[in-house]
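Note that the working numbering has the sequence shown beginning at 5, numbered continuously upward.
First up is the structure itself, then whatever we jot down about it.
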Amino acid sequence: MINEGVDRHKRRFLTSALTVVGAVGSGYIAVPFLAQMEPSTKAMAAGAPVTV
5 MINEGVDRHK RRFLTSALTV VGAVGSGYIA VPFLAQMEPS TKAMAAGAPV TV
């Protein structure tokens, strides 16, 4: 194996790209969980307060 050193620019780019992809992925995963906490359309149509 050849020791050529570390390409810091490439490492910084890959770290940033992975951070962005992870944040977007976390958002896509969180949306269904947050959406299921809303009252159903049937409950909203009734107009009564929703108790938890």
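Idealized CB from N, CA, C, for every residue including glycine.
**Message:** Under DSSP, the alpha helix (DSSP H) around serine 30 begins and ends at which residues?
**Reply:** Position 26 of the sequence shown, counted from the first residue, corresponds to residue 30. Start and end: 12-39.
**Prompt:** Taking the C-alpha atoms as reference points, what is the distance between leucine 22 and arginine 15?
**Reply:** Translated into positions along the sequence shown, residue 22 becomes position 18. Translated into positions along the sequence shown, residue 15 becomes position 11. Going by the C-alpha atoms only, they are around 11 Å apart.
**Message:** Within the continuous alpha helix (DSSP H) that includes alanine 50, where are the two ends?
**Reply:** For the purposes of this step, residue 50 is taken as the residue at position 46 of the sequence shown. That run of the alpha helix (DSSP H) goes 45-50.
**Item:** Cα-Cα separation between alanine 27 and leucine 18, rounded to whole angstroms
**Value:** Counting from 1 along the sequence shown, the entry for residue 27 is found at position 23. Counting from 1 along the sequence shown, the entry for residue 18 is found at position 14. C-alpha separation (whole angstroms): 14 Å.
**Request:** Return yes when the Cβ of proline 36 is within less than 8 Å of the Cβ of valine 54, no when it is not.
**Result:** As a working note, residue 54 is residue 50 in the sequence shown. As a working note, residue 36 is residue 32 in the sequence shown. No, the pair does not count as a contact, with Cβ atoms beyond the cut-off.
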